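Enquirer: Structure below; questions to follow.
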Amino acid sequence: MTDMVKFSVPGKPQYVGTIRMAISSLANSLGFDVEAIEDIKVAVSEACTNAVCHRSTINGEYEVFCELSKERLVVSVVDKAGGYNPETYSEPCLECPKEGGLGIYIIKALMDEVDIFTEVGIGTRIQMVKYTR
Amino acid sequence: MTLQIQRSFDQEKGRWNITPKGDVDISTAPVLRTALDEAYREAKANVVLHFDQLNYMDSTGLGVIIGAYGRMKESGNDIILENPRDNIKKLLRITNLDRLLCPELCE
């Protein structure tokens, strides 16, 4: 049995915290431990931050889809901000830290599975999975 | 989400004590940036960030701290994080920033 919860979010910084609290509550209801809930909160916030920073439409609205089952939580953050060319993305250099560019790296480190679908001219979907184990 | 920041200059040790309380994310990171910039403009000195009461931080906060770290290094000052909670420690560890910002956690 899988439940779907969807949010449609204005692309404004102040709503990232709202989504973080909502996802935290959903993760808690699935029985994740405190550390896993913190991982999910950070990963989802990073994905939402990307959507807000890259917004191209007037209100930059993006969507957050949550798929809840006994085994796992799948969260997808989908924007219509025009996408990016993944060939030009490079992993941040951890020896020479700079502002920005850490978000995707952090998401990959904290979640069990991460898939990024992006299409230039359309948008980006970051799909993240955490297993309840 | 809220973020409150207290800052004071320790004359004896010649350093800033800055204590953020709450959450640092995309909406509150500018508050942290302003606090660090203002302090450093007032007096160029080392900065100790007391993280005891910081519940949450993500890459937006790390970005602000890295930016401040870079500017401060140019004039020979340091920025040190003290008592980050486990969730923030983990973030520092996976980004390797613990070695720069709180070396005692690496031991």
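Top line first, the protein sequences correspond to chains A and B.
With the working numbering applied, the first sequence corresponds to residues 121 to 253, in that order.
With the working numbering applied, the second sequence corresponds to residues 729 to 835, in that order.
Even for Gly, the Cβ is constructed at its ideal location relative to N, Cα and C.
On a predicted model such as this, the values are computed, not experimentally measured, just so you know.
Could you pull the start and end residues of the alpha helix (DSSP H) that T788/B belongs to?
Expert: 787-802
Enquirer: CA-CA distance, A171/A and V197/A?
Expert: A171/A and V197/A have their alpha carbons spaced roughly 8 Å apart.
Enquirer: For a contact defined as C-beta to C-beta under 8 Å, what are the partners of T788/B on chain A?
Expert: T169
Enquirer: Here's the rule: buried if 16 or more other CB atoms are within 10 angstroms of the residue's CB, otherwise exposed. What is R761/B?
Expert: When all chains shown are included, R761/B counts as buried.
Enquirer: Using three-state DSSP, classify V240/A as helix, strand or coil.
Expert: DSSP, reduced to helix, strand and coil, places V240/A outside both helices and strands of the structure shown, so it counts as coil.
Enquirer: Report buried or exposed for G131/A, applying the criterion of at least 16 other Cβ atoms within 10 angstroms of its Cβ.
Expert: buried
Enquirer: Assuming L222/A contacts S787/B (C-beta within less than 8 Å), just tell me the rounded distance between them.
Expert: 4 Å
Enquirer: Going by CA-CA distance only, name the one from G804/B, P748/B, N824/B, G789/B that's closest to K772/B.
Expert: G804/B
Enquirer: Using a Cβ-Cβ cutoff of 8 Å, what residues of the region 225-251 of chain A are near chain B? List them in chain order.
Expert: Y225, I226, A229, L230
Enquirer: Please check if any C-beta of chain B sits within less than 8 Å of the C-beta of E181/A.
Expert: no
Enquirer: Q254/A by DSSP, collapsed to three states: which one?
Expert: Because chain A in this structure spans residues 121 to 253, residue 254/A falls outside the shown range and cannot be described.
Enquirer: Pick out whichever of G789/B, L820/B, R735/B, D814/B has its Cα sitting closest to the Cα of A757/B.
Expert: G789/B
Enquirer: Between which two residues does the alpha helix (DSSP H) harbouring N774/B extend?
Expert: Where N774/B is concerned, there is no enclosing alpha helix (DSSP H), although the beta strand (DSSP E) it sits in stretches over 774-778.
Enquirer: Can you round the beta-carbon distance between G241/A and G202/A to whole angstroms, since I take them to be within the 8 Å contact cut?
Expert: 6 Å
Enquirer: Going along chain A, which residues have a C-beta under 7 Å from N693/B?
Expert: In the structure displayed, chain B extends from 729 to 835; residue 693/B sits before or after that span and is not available.
Enquirer: Within this structure, are the beta carbons of K161/A and S145/A separated by less than 8 Å?
Expert: No, these two residues do not count as a Cβ contact at 8 Å.
Enquirer: Check whether the Cβ of D765/B lies closer than 8 Å to any Cβ atom in chain A.
Expert: Chain A contact via Cβ: absent.
Enquirer: So, is the C-beta of L819/B closer than 8 Å to a C-beta in chain A?
Expert: yes
Enquirer: Assuming E166/A is part of the alpha helix (DSSP H), what are its boundary residues?
Expert: 154-173
Enquirer: Which residue wins for smallest C-alpha separation from N815/B, given the options N745/B, M785/B, G795/B, V752/B?
Expert: M785/B
Enquirer: Shorter than 8 Å from the beta carbon of M800/B to some beta carbon of chain A?
Expert: no
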